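Written out below as structure tokens is the structure these notes cover.
In my numbering, the protein residues as written are 2 to 497.
This is the structure in structure tokens:
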């Protein structure tokens with residue numbers, strides 16, 4: 002006989018479970034990433050009687066959640082992209098506010114500096130005009146230094162954000178690995194999955210994808226593996242692999258990321274192209290570095306151009322002009338993996354500031370020859386050659402490389418930062434207005450009654466220490482092809 006009471010009780014129990022699931026859904030209506038649950042019902046095996054089979058009520062088969070794996074994959078992918086561009090937009094906005102504002106950018110100070118230069122050209126002997134020019138030059142150098150300092154502070158902020166993101170990533174991967182362990186230990190996962198644990202893991206996966214782009218691979222036991230874009234593991238089953246934020250092998254002021262315990266040089270930055278970390282790295286690589294390099298290039302070009310011209314002039318004390326500005330020079334960083342016993346070091350100098358570009362260069366020594374790569378566009382400027390050949394190519398970039406000490410070992414690498422240090426080291430060398438060289442040291446002219454059409458250039462000083470530099474000299478042609486050189490001040494003939 003069919004147990005009528007048992008059949009009725011099975012129905013009551015089933016719908017009590019359904020009501021519990023509904024209540025659970027209502028209670029979690031505002032819980033992030035909660036998946037609505039439903040009770041799946043089924044019929045138990047019927048009882049066989051002489052007249053046929055008779056049902057025995059209802060069974061609770063499982064509690065399932067409304068979940069779409071495709072949607073979650075899309076959500077994780079979009080979360081990575083959105084987070085990347087949100088960070089990129091935020092940091093770019095800070096950069097724009099710093100450089101684009103006409104009130105705090107370089108434009109007002111550049112205009113004031115060149116305005117004072119024009120006033121000085123109009124009144125070169127005026128002490129007031131000279132002092133105003135020096136004041137505006139000092140203001141300009143201070144502004145360039147301030148902007149460079151602000152860019153360096155922004156760089157420090159990015160490095161701090163990278164460290165914080167790595168800490169959060171490690172916390173999330175450890176949590177996901179623990180949930181993997183709990184799920185894998187569930188005795189009947191296939192038929193009765195722990196839905197709330199799965200929801201919690203999904204939440205962690207989305208949070209993780211906001212920080213770094215990931216690929217998720219589901220396993221048969223309910224656990225999952227997580228890999229970064231380049232295939233580097235973050236979670237494999239119940240094991241979490243931690244990241245660490247470390248100083249770059251080239252630049253100790255720059256933070257990069259690698260798997261904890263991996264050898265130095267195993268940086269993952271090139272594989273991290275999305276998520277907050279991807280935004281930080283892209284901003285630093287494509288916006289911050291070129292901006293700071295460009296500011297340094299401006300400072301070095303300004304210094305070299307004005308120094309060259311100023312050293313050709315003469316000041317109020319009758320002295321040839323000296324350098325007006327100090328500017329930074331290129332920096333050469335040996336990679337920390339270079340052979341410590343040889344400890345080779347180089348220095349770099351600027352050969353022509355007009356050839357400099359906003360780029361760093363990587364120099365690799367293979368044991369016999371050098372390879373040089375311009376990092377701004379990954380262009381190989383020297384495929385293979387000795388130091389002389391290397392400097393021929395570097396000269397086209399406005400640079401020259403000179404060994405200082407140590408010996409090279411195959412595999413040694415060096416980073417040349419051509420203009421990064423230019424702005425931070427810019428300062429004004431002259432403070433005395435009398436030392437501003439506005440006069441030409443040599444004045445040339447032709448007599449008005451000359452018959453020929455020959456003209457003479459302004460000339461150039463070859464020996465500033467020569468005591469006869471200030472004497473008046475006449476070049477007098479005695480025929481079409483011969484002439485005398487007369488020192489009118491000393492009353493002597495220098496050449497005939």
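Backbone N, C-alpha and C define an ideal beta-carbon position, used for all residues, glycine too. Here the structure is a predicted model, which means the values were calculated and not measured.
Please confirm if the stretch 399–417 is in contact with the stretch 325–345, defined as three or more CB-CB distances below 8 angstroms between the two stretches.
With a cut-off of 8 angstroms, the stretch 325–345 and the stretch 399–417 count as touching, because enough Cβ pairs lie within range.
Quick check on this structure: which residue in 495, 422, 171 and 185 has the alpha carbon closest to the alpha carbon of residue 206?
Ranking 495, 422, 171 and 185 by Cα distance to residue 206 puts 171 first.
The alpha helix (DSSP H) that contains residue 129, what's its start and end?
Where residue 129 is concerned, the enclosing alpha helix (DSSP H) stretches over 128–185.
What are the partner residues of residue 64, as DSSP defines its beta bridges?
Beta-bridge pairing links residue 64 to 40.
Please name the residue, chosen from 141, 97 and 210, that lies closest to residue 77 on a Cα-to-Cα basis.
Of 141, 97 and 210, the residue nearest in Cα terms is 210.
Give the single residue among 67, 65, 52 and 44 whose Cα lies nearest to the Cα of residue 59.
Selected option, being the one with the closest Cα: 44.
Going straight from the alpha carbon of residue 94 to that of residue 150, what length do you get?
The alpha-carbon atoms of residue 94 and residue 150 are separated by roughly 17 angstroms.
Could you check which residue in 318, 224, 244 and 220 has the C-alpha nearest to that of residue 436?
Per the Cα distances, 318.
Hey, is the stretch 103–123 in contact with the stretch 265–279, meaning 3+ C-beta pairs nearer than 8 angstroms?
The stretch 103–123, when compared against the stretch 265–279, does not touch it at the 8 angstroms Cβ threshold.
Let's see if you can read the secondary structure: which residues bound the beta strand (DSSP E) around residue 371?
First-last of the beta strand (DSSP E) with residue 371: 371–375.
Give me the DSSP bridge partner(s) of residue 413.
BP columns for residue 413 are empty, so no partner.
Skipping 5 residues on each side, what residues in its chain have a beta carbon closer than 6 angstroms to that of residue 396?
352, listed in sequence order.
What are the boundary residues of the beta strand (DSSP E) that residue 430 is part of?
Residue 430 -> no beta strand (DSSP E), and no H or E assigned at all.
Anyone know if the C-beta pair for residue 90 and residue 178 falls short of 8 angstroms?
Against a cut-off of 8 angstroms, the Cβ pair of residue 178 and residue 90 comes out as no contact.
Under three-state DSSP, which class holds residue 514?
In the structure as shown, the chain begins at 2 and stops at 497. Residue 514 is therefore absent and cannot be evaluated.
Can you tell me which of the three DSSP states residue 290 falls into?
Three-state DSSP puts residue 290 in a helix.
Whole angstroms is fine: what's the gap from residue 411's alpha carbon to residue 252's?
C-alpha separation (whole angstroms): 21 angstroms.
Nearest to residue 474 by alpha carbon, out of 137, 443, 168 and 192?
Of the candidates 137, 443, 168 and 192, the one whose C-alpha sits nearest the C-alpha of residue 474 is 443.
DSSP has residue 418 in a bridge; who is on the other side?
In DSSP, residue 418 forms a bridge with 332 and 361.
Comparing the CB of residue 163 with every heavy atom of the ligand SAM, is any distance shorter than 7 angstroms?
In the structure on display, the ligand SAM does not appear, and there are no ligands present to speak of.
Report the three-state DSSP secondary structure of residue 24 (helix, strand or coil).
Here residue 24 sits in helix by DSSP.
I need the DSSP call for residue 277, collapsed to helix, strand or coil.
In this structure, residue 277 counts as helix in the three-state DSSP scheme.
If you follow the beta strand (DSSP E) that residue 91 is in, where does it begin and where does it stop?
No beta strand (DSSP E) contains residue 91, which is instead part of the alpha helix (DSSP H) from 70–100.
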